[in-house]
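These notes are about the structure you will find just below.
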Amino acid sequence: MISQTVSELLSQNTITLPEVDIKGWVRTFRANRFIALNDGSTINNIQCVVDFENFDEALLKRVTTGAAVHIKGHLVESQGKGQKVEIQVSELEVLGDSDPETYPIQPKKHSFEFLREHAHLRTRTSTFSAVMRLRSSLSFAIHKYFNDNGFYNMHTPIITGSDAEGAGEMFKVTSLDAKKTPLNDEGNVDYTQDFFGKETNLTVSGQLEAETYAMSLGKVYTFGPTFRAENSNTSRHLAEFWMIEPEVAFMDLAGNMDLAEDFLKSVITYILEHNLEDLNFLDKRLQDEEKTKPQAERSDMTLIEKLNFVTENNFKRVSYTEAIDILRNSKPNKKKKFKYIIDEWGTDLQSEHERFLVEKHFKCPVILFDYPANIKAFYMRLNDDGKTVRAMDILFPGIGEIVGGAQREERLDVLKQKMAAINIPEEELWWYLDLRKFGTAVHSGFGLGFERLVMFATGMGNIRDVIPYPRTPQNAEF
Ligand code: 4AD
Ligand code: MG
Numbered sequence: 038m039i040s041q042t043v044s045e046l047l048s049q050n051t052i053t054l055p056e057v058d059i060k061g062w063v064r065t066f067r068a069n070r071f072i073a074l075n076d077g078s079t080i081n082n083i084q085c086v087v088d089f090e091n092f093d094e095a096l097l098k099r100v101t102t103g104a105a106v107h108i109k110g111h112l113v114e115s116q117g118k119g120q121k122v123e124i125q126v127s128e129l130e131v132l133g134d135s136d137p138e139t140y141p142i143q144p145k146k147h148s149f150e151f152l153r154e155h156a157h158l159r160t161r162t163s164t165f166s167a168v169m170r171l172r173s174s175l176s177f178a179i180h181k182y183f184n185d186n187g188f189y190n191m192h193t194p195i196i197t198g199s200d201a202e203g204a205g206e207m208f209k210v211t212s213l214d215a216k217k218t219p220l221n222d223e224g225n226v227d228y229t230q231d232f233f234g235k236e237t238n239l240t241v242s243g244q245l246e247a248e249t250y251a252m253s254l255g256k257v258y259t260f261g262p263t264f265r266a267e268n269s270n271t272s273r274h275l276a277e278f279w280m281i282e283p284e285v286a287f288m289d290l291a292g293n294m295d296l297a298e299d300f301l302k303s304v305i306t307y308i309l310e311h312n313l314e315d316l317n318f319l320d321k322r323l324q325d326e327e328k329t330k331p332q333a334e335r336s337d338m339t340l341i342e343k344l345n346f347v348t349e350n351n352f353k354r355v356s357y358t359e360a361i362d363i364l365r366n367s368k369p370n371k372k373k374k375f376k377y378i379i380d381e382w383g384t385d386l387q388s389e390h391e392r393f394l395v396e397k398h399f400k401c402p403v404i405l406f407d408y409p410a411n412i413k414a415f416y417m418r419l420n421d422d423g424k425t426v427r428a429m430d431i432l433f434p435g436i437g438e439i440v441g442g443a444q445r446e447e448r449l450d451v452l453k454q455k456m457a458a459i460n461i462p463e464e465e466l467w468w469y470l471d472l473r474k475f476g477t478a479v480h481s482g483f484g485l486g487f488e489r490l491v492m493f494a495t496g497m498g499n500i501r502d503v504i505p506y507p508r509t510p511q512n513a514e515f
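This note's numbering applies: residue 38 is where the sequence shown begins, and numbers increase by one.
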């Protein structure tokens, strides 16, 4: 018989089954009688009842937390409380022992910091298995959304020779020997001798390449790893994270906002429909965590309420200029409670300002648009006012910026001027400029930080806890 999963056994309609066959890991073994078994297929354990008189004592001793076991038996209506069905065990085999003295994932509450140090085993816990099932489900929902809406999936390169964001915070890719780096006549590293014959990096964004495909295939998206060497040790930054970047020909900024809003609502609806058990578990976890906070800092919505709120309400669309007015006249600004006081038009918004707008002022997701040109990337479409660009950022409660996007500058002359102003050589992006020479058109796209979405969807407060193996400054374990 093929092994069944815990999820299948718990969700099937008949209460009794004469023969079941299941493999999983022991969560607990109580009173030498009750095994709580989990195989990762669901947040719920299945209770397996062992009649100890029928089994060797030495065998039962090996049924410890963390051990892998193979169980055959009958599924029956449960005698005890807490579960509908249970397995009466007829055959028990320990597939892999687990030393109870040294197994790190004891059946008790562990701190997330401790579990990060044991990230290879942390999905043996209910919280992390729920988070990672949701991550998988969200990834599927994202591909489904784009597939259902006529987008092509494109794999943009991970090693690139260009800096899409112009921020210069990139990881170098080289095969040169660090001890014998060849230098050129000017005393700089001679990259012509490197693997690719030029300086290369890990990509910070697939956008520029995605634009090339949008300008032929129409609607495309890329969903891949991106890398940033910025030294931001915060709960919302990773050095390696996954980004979803759709890019659409003939779409303007308003269309871009519509797409982003519809997309986010759709993927959140998907998990509400398909992952409710995991969400309910995480909701309860979050409520317990909230109780430990001072009253003023507690959220007035549960996790499920927050998710429903996003799917049911329109995102508030506000221009940068309006936002600056609101912030300038806000209480925390006047009382100098902000770390960065908003004084003049043109300053970049910090996360404290974004969170004020979303959490205190509008109390809903906000799309900020038409930012000052000089705080945004070179490729954004310049407005007729000559000082703002058609950028948009989406801000979510508890997260801050979750999406950054723009209508792209489609005019060759303007784009060249903007590149020249920040010293991007035309030779480096000749192919990007070609798009503006041959059949240029209005086009737009955005980037969604996948881990920030997973944080929002799971209520987890630290980005390190929503990616299997986080890469952050001074940390690349596993
Ligand atoms: O705003 P960003 O830098 O935009 C771009 O890279 C554009 N090229 C996207 C596009 O238009 N196609 O990054 C997009 C999103 C941010 O809104 C944020 O959610 C996430 O990526 N992000 C990070 N997530 C985790 N760790 C980091 N260090 C991140 N930096 C950006
Ligand atoms: Mg951004």
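Even glycine gets a Cβ: it sits at the ideal position worked out from N, Cα and C. Source: prediction; values computed, not measured.
Margin query: As an exercise, report each continuous alpha helix (DSSP H) stretch of at least 4 residues that is fully enclosed by the segment 440–466, in chain order.
Written below: 449–458
Checklist line | ligand 2 heavy atom lying under 7 Å from the CB of residue 214 | finding: Mapped onto the sequence shown, residue 214 falls at position 177. False, no ligand heavy atom lies under 7 Å from that Cβ.
Note to self: Taking 7 Å as the cut-off, is the C-beta of residue 295 nearer than that to any heavy atom in ligand 2?
What the structure shows: Residue numbering aside, residue 295 sits at position 258 when the sequence shown is read from its first letter. Residue 295 Cβ: outside cutoff for every heavy atom of ligand 2.
Note to self: Restricting to Cα atoms, I'd like to know which of 260, 226, 222 is closest to residue 214.
What the structure shows: Here residue 214 refers to the residue found at position 177 of the sequence shown. Of the candidates 260, 226, 222, the one whose C-alpha sits nearest the C-alpha of residue 214 is 226.
Notebook entry, point to check: Exposed or buried, residue 489, counting other C-beta atoms within 10 Å across all chains shown (16 or more means buried)?
Noted result: The residue labelled residue 489 in the question sits at position 452 within the sequence shown. The residue in question, residue 489, is buried, as its Cβ has 16 or more Cβ neighbours within 10 Å.
Checklist line | Distance cut-off 7 Å: residue 430 Cβ against heavy atoms of ligand 2 | finding: Along the sequence shown, read from residue 1 onward, the residue named residue 430 stands at position 393. Yes, since a heavy atom of ligand 2 falls inside the 7 Å radius drawn around the Cβ of residue 430.
Note to self: Taking contact to mean 3 or more Cβ pairs, one atom from each stretch, closer than 8 Å, check whether the segment 248–265 and the segment 279–296 are in contact.
What the structure shows: yes
Checklist line | Nonlocal neighbours in the same chain, by C-beta distance under 8 Å from residue 134, ignoring five residues either side | finding: Position 97 of the sequence shown, counted from the first residue, corresponds to residue 134. If we look at residue 134 and ignore the five residues flanking it on each side, its Cβ neighbours are 99, 101, 104.
Next item on the list: Please name the residue in 181, 223, 324, 176 whose C-alpha comes closest to that of residue 262.
Entry: Stepping through the sequence shown from its first residue, residue 262 is reached at position 225. For the residues 181, 223, 324, 176, the minimum Cα distance to residue 262 belongs to 176.
Checklist line | DSSP beta-bridge partners of residue 430 | finding: As a first step, residue 430 is located in the sequence shown; it is residue number 393 there, counting from the start. For residue 430, which the question treats as bridged, DSSP gives the partners 405, 441.
Notebook entry, point to check: Which runs of the beta strand (DSSP E), 3 residues or longer, sit entirely within the segment 347–380?
Noted result: 353–356
Note to self: Can you tell me whether residue 261 sits near ligand 2, meaning its C-beta is under 7 Å from at least one heavy atom of the ligand?
What the structure shows: Taking the sequence shown and counting its residues from 1, the one referred to as residue 261 is at position 224. Not so, every heavy atom of ligand 2 lies at least 7 Å from the Cβ.
Next item on the list: Please confirm if the segment 413–431 is in contact with the segment 365–380, defined as three or more CB-CB distances below 8 Å between the two stretches.
Entry: no
Item checked: Own chain residues within Cβ distance below 8 Å of residue 449, not counting five before or after -> Mapped onto the sequence shown, residue 449 falls at position 412. If we look at residue 449 and ignore the five residues flanking it on each side, its Cβ neighbours are 470, 473, 474, 477.
Next item on the list: May I ask whether a heavy atom of ligand 1 can be found less than 7 Å away from the beta carbon of residue 410?
Entry: Mapped onto the sequence shown, residue 410 falls at position 373. False, no ligand heavy atom lies under 7 Å from that Cβ.
Margin query: Against chain B, with Cβ distances strictly below 8 Å, would residue 381 count as a contact?
Written below: Absent from the structure: chain B. Only one protein chain is present.
Check: Any chance the CB of residue 282 is under 7 Å from a heavy atom of ligand 2?
Finding: What you label residue 282 is simply residue 245 of the sequence shown in a count that begins at 1. Not under cutoff, so the answer is no.
Checklist line | Range covered by the alpha helix (DSSP H) that runs through residue 181 | finding: The count along the sequence shown starts at 1 and reaches residue 181 at position 144. Run containing residue 181: 163–185, per the alpha helix (DSSP H) assignment.
Next item on the list: Verify the contact flag: residue 305, CB atom, against every heavy atom of ligand 1, threshold strictly below 7 Å.
Entry: The residue given as residue 305 occupies position 268 in the sequence shown. Flag unset: Cβ of residue 305 not near ligand 1.
Next item on the list: Specify, as a first and last residue, the run of the alpha helix (DSSP H) that residue 307 falls within.
Entry: The count along the sequence shown starts at 1 and reaches residue 307 at position 270. Element bounds for residue 307: 290–311.
Item checked: heavy atom of ligand 2 below 7 Å from residue 441 C-beta -> Within the sequence shown, residue 441 is the residue found at index 404, counting from 1. Indeed, a heavy atom of ligand 2 lies less than 7 Å from the Cβ.
Margin query: My output table needs one value for residue 492: the three-state DSSP class, helix, strand or coil.
Written below: Along the sequence shown, one-based indexing puts residue 492 at 455. DSSP places residue 492 in helix when its eight states are reduced to three.
Next item on the list: Indicate the three-state DSSP secondary structure (helix, strand or coil) for residue 223 in the structure shown.
Entry: Mapped onto the sequence shown, residue 223 falls at position 186. Residue 223 falls in the coil class under three-state DSSP.
Item checked: Where residue 192 falls, given that 16 or more other Cβ within 10 Å makes a residue buried -> Taking the sequence shown and counting its residues from 1, the one referred to as residue 192 is at position 155. When all chains shown are included, residue 192 counts as exposed.
Next item on the list: Please check the pair residue 436 and residue 493, which I expect to be a contact at CB under 8 Å, by giving their CB distance rounded to whole angstroms.
Entry: Here residue 436 corresponds to residue number 399 of the sequence shown, with the count starting at 1. Here residue 493 corresponds to residue number 456 of the sequence shown, with the count starting at 1. So it is a contact: roughly 5 Å between Cβ atoms.
Check: From residue 346 to residue 316, what distance separates their C-alpha atoms?
Finding: Here the question's residue 346 lines up with position 309 in the sequence shown. Here the question's residue 316 lines up with position 279 in the sequence shown. One C-alpha to the other measures close to 15 Å.
Check: What is the DSSP secondary structure of residue 416, counted as helix, strand or coil?
Finding: Residue 416 sits at position 379 when you count from the first residue of the sequence shown. If DSSP states are grouped into helix, strand and coil, residue 416 belongs with coil.
Notebook entry, point to check: How about residue 154: is its Cβ closer than 7 Å to a heavy atom in ligand 2?
Noted result: Counting from 1 along the sequence shown, the entry for residue 154 is found at position 117. No, since every heavy atom of ligand 2 falls outside the 7 Å radius drawn around the Cβ of residue 154.
Check: What is the residue span of the beta strand (DSSP E) that residue 258 lies within?
Finding: The residue labelled residue 258 in the question sits at position 221 within the sequence shown. Its beta strand (DSSP E) spans residues 256–264.
Check: Alpha carbon to alpha carbon, what distance is there between residue 294 and residue 441?
Finding: For the purposes of this step, residue 441 is identified with residue 404 of the sequence shown, where counting begins at 1. For the purposes of this step, residue 294 is identified with residue 257 of the sequence shown, where counting begins at 1. Going from the Cα of residue 441 to the Cα of residue 294 covers about 10 Å.
Notebook entry, point to check: Can residue 393 and residue 367 be called in contact, C-beta distance under 8 Å?
Noted result: Counting from one through the sequence shown, the residue named residue 393 turns up at place 356. Counting from one through the sequence shown, the residue named residue 367 turns up at place 330. A contact, by the Cβ cut-off of 8 Å.
Item checked: As assigned by DSSP and simplified to three states, the class of residue 107 -> Your numbering for residue 107 matches position 70 in the sequence shown. Of the three classes helix, strand and coil, the one that applies to residue 107 here is strand, per DSSP.
Item checked: Where residue 398 sits in the DSSP three-state scheme -> Counting from 1 along the sequence shown, the entry for residue 398 is found at position 361. The answer is helix: DSSP assigns residue 398 an H, G or I state.
Notebook entry, point to check: On the three-state DSSP scale, how would you describe residue 249?
Noted result: Locating residue 249 in the sequence shown gives position 212, counting from the first residue. The answer is helix: DSSP assigns residue 249 an H, G or I state.
Next item on the list: Would you kindly check if the distance between the Cβ of residue 126 and the Cβ of residue 86 is under 8 Å?
Entry: Mapped onto the sequence shown, residue 86 falls at position 49. Mapped onto the sequence shown, residue 126 falls at position 89. Cβ distance < 8 Å, so residue 86 and residue 126 count as in contact.
Check: Taking the continuous alpha helix (DSSP H) assigned at residue 94, which residues delimit it?
Finding: Numbered from 1 along the sequence shown, position 57 holds the residue referred to as residue 94. 94–98 is the extent of the alpha helix (DSSP H) around residue 94.
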